[in-house]
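Inspection log for the structure reproduced underneath, given as structure tokens.
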Amino acid sequence: GAVVSQHPSRVICKSGTSVKIECRSLDFQATTMFWYRQFPKKSLMLMATSNEGSKATYEQGVEKDKFLINHASLTLSTLTVTSAHPEDSSFYICSAREFGGALLSPLHFGNGTRLTVT
Amino acid sequence: AQKVTQAQTEISVVEKEDVTLDCVYETRDTTYYLFWYKQPPSGELVFLIRRNSFDEQNEISGRYSWNFQKSTSSFNFTITASQVVDSAVYFCALNSGGSNYKLTFGKGTLLTVNP
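Have a look at this one:
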């Protein structure tokens, strides 16, 4: 079945540094990928919609200059957390929809990235 | 606006018991899709089922079954003869409003199945 690979699975960084998270669709093309954030014992909150070849669409309240999204190809989207602070520590999950997939086709999720900012 | 409510924050059962996870949704759209996902302790989201708004047939897959009732805007999930491996957070999610395919998730229900 369709697989979405997310890397790294865990990352610890110092406050003020930037961290890049990759989301790859391994056996399908994805024109649209979604980035979610999950706080401990909380639901998943959509951060942004990543569109191949165009700018990402951010949800209300999400700082686009802080969470940079690049979707340069049909199989790769990246989320860069810039100038990370401890409050950015969270679980980030990407998902992808297969290009040309029917509306009933489910989103495929990556395994998530646990970011800890010290 | 769309909303998903999972009123049960945590449920604890003993192995072999049946358990039902509730999901109530709100949307103004007539066409929408409902999903259930499982998130085990490892963190990944595992797709379980999708249902479109025009298909109210209940579905059974092994020990899992789903009851979709538009009249009450509910899409409940039952696990029969629960097992320890069923322990996870279960999310109900809704997509409506067209092709952008954004999912609105409920807050999740933590299911703990004790041996």
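Protein chains in written order, with the working numbering: chain A, 5 to 122; chain B, 913 to 1027. For each residue, glycine too, the CB sits at the ideal point set by N, CA and C. Given the structure is predicted, the values throughout are model-derived calculations rather than measurements.
Nearest-angstrom Cα separation, counted from residue j out to residue i
i: residue 64(A); j: residue 48(A); result: 15 Å
i: residue 938(B); j: residue 948(B); result: 16 Å
i: residue 80(A); j: residue 1023(B); result: 34 Å
i: residue 88(A); j: residue 120(A); result: 9 Å
i: residue 979(B); j: residue 75(A); result: 38 Å
i: residue 51(A); j: residue 27(A); result: 14 Å
i: residue 23(A); j: residue 66(A); result: 17 Å
i: residue 926(B); j: residue 1020(B); result: 20 Å
i: residue 958(B); j: residue 11(A); result: 18 Å
i: residue 9(A); j: residue 30(A); result: 7 Å
i: residue 985(B); j: residue 33(A); result: 34 Å
i: residue 92(A); j: residue 85(A); result: 8 Å
i: residue 1025(B); j: residue 956(B); result: 19 Å
i: residue 916(B); j: residue 1007(B); result: 10 Å
i: residue 995(B); j: residue 924(B); result: 12 Å
i: residue 928(B); j: residue 976(B); result: 13 Å
Distance CB(residue i)-CB(residue j) smaller than 8 Å
i: residue 68(A); j: residue 62(A); result: yes
i: residue 987(B); j: residue 935(B); result: yes
i: residue 53(A); j: residue 35(A); result: no
i: residue 77(A); j: residue 56(A); result: yes
i: residue 83(A); j: residue 25(A); result: yes
i: residue 13(A); j: residue 117(A); result: yes
i: residue 43(A); j: residue 1014(B); result: no
Distance between beta carbons of residue j and residue i, contact taken as under 8 Å
i: residue 1038(B); j: residue 1000(B); result: This structure gives no information on residue 1038(B), because the portion of chain B shown stretches from 913 to 1027.
i: residue 965(B); j: residue 942(B); result: 7 Å
i: residue 945(B); j: residue 962(B); result: 6 Å
i: residue 968(B); j: residue 982(B); result: 6 Å
Q | Any 3 or more C-beta pairs closer than 8 Å across the segment 94 to 104 of chain A and the segment 113 to 122 of chain A | A | At 8 Å Cβ cutoff, the stretches touch.
Q: Take every Cβ of the segment 917 to 937 of chain B, pair it with every Cβ of the segment 988 to 998 of chain B, and state whether three or more of those distances are shorter than 8 Å.
A: With a cut-off of 8 Å, the segment 988 to 998 of chain B and the segment 917 to 937 of chain B count as touching, because enough Cβ pairs lie within range.
Q) Given a limit of 7 Å on CB to CB distance, which residues of the segment 946 to 973 of chain B reach chain A? A) Residues of the segment 946 to 973 of chain B whose Cβ lies closer than 7 Å to any Cβ of chain A, in chain order: 947, 955, 956, 957, 959, 962, 964.
Q. Going along the segment 64 to 98 of chain A in order, which residues come within less than 7 Å of chain B, judged by CB to CB distance?
A. Close to chain B, meaning a Cβ-Cβ distance shorter than 7 Å, are the following residues of the segment 64 to 98 of chain A: 95, 97.
Q) Taking Cβ-Cβ distances below 9 Å as the criterion, which residues of the segment 991 to 1007 of chain B are in contact with chain A? A) For the segment 991 to 1007 of chain B, the beta-carbon criterion of a distance under 9 Å to any beta-carbon of chain A is satisfied by 1001, 1003, 1005, 1007.
Q: Return the residues of the segment 36 to 67 of chain A that lie within a Cβ-Cβ distance of less than 9 Å from chain B, sorted by chain order.
A: Those residues of the segment 36 to 67 of chain A that come within reach of chain B (Cβ to Cβ, closer than 9 Å) are 36, 38, 40, 42, 45, 46, 47, 48, 49, 50, 53, 61, 63.
(Q) Tell me which residues of the segment 12 to 37 of chain A have at least one Cβ-Cβ distance to chain B shorter than 9 Å, keeping chain order. (A) Residues passing the 9 Å Cβ filter: 13, 36.
Q. Name the residues in the segment 916 to 938 of chain B whose C-beta lies less than 8 Å from a C-beta of chain A; which are they?
A. Residues passing the 8 Å Cβ filter: none.
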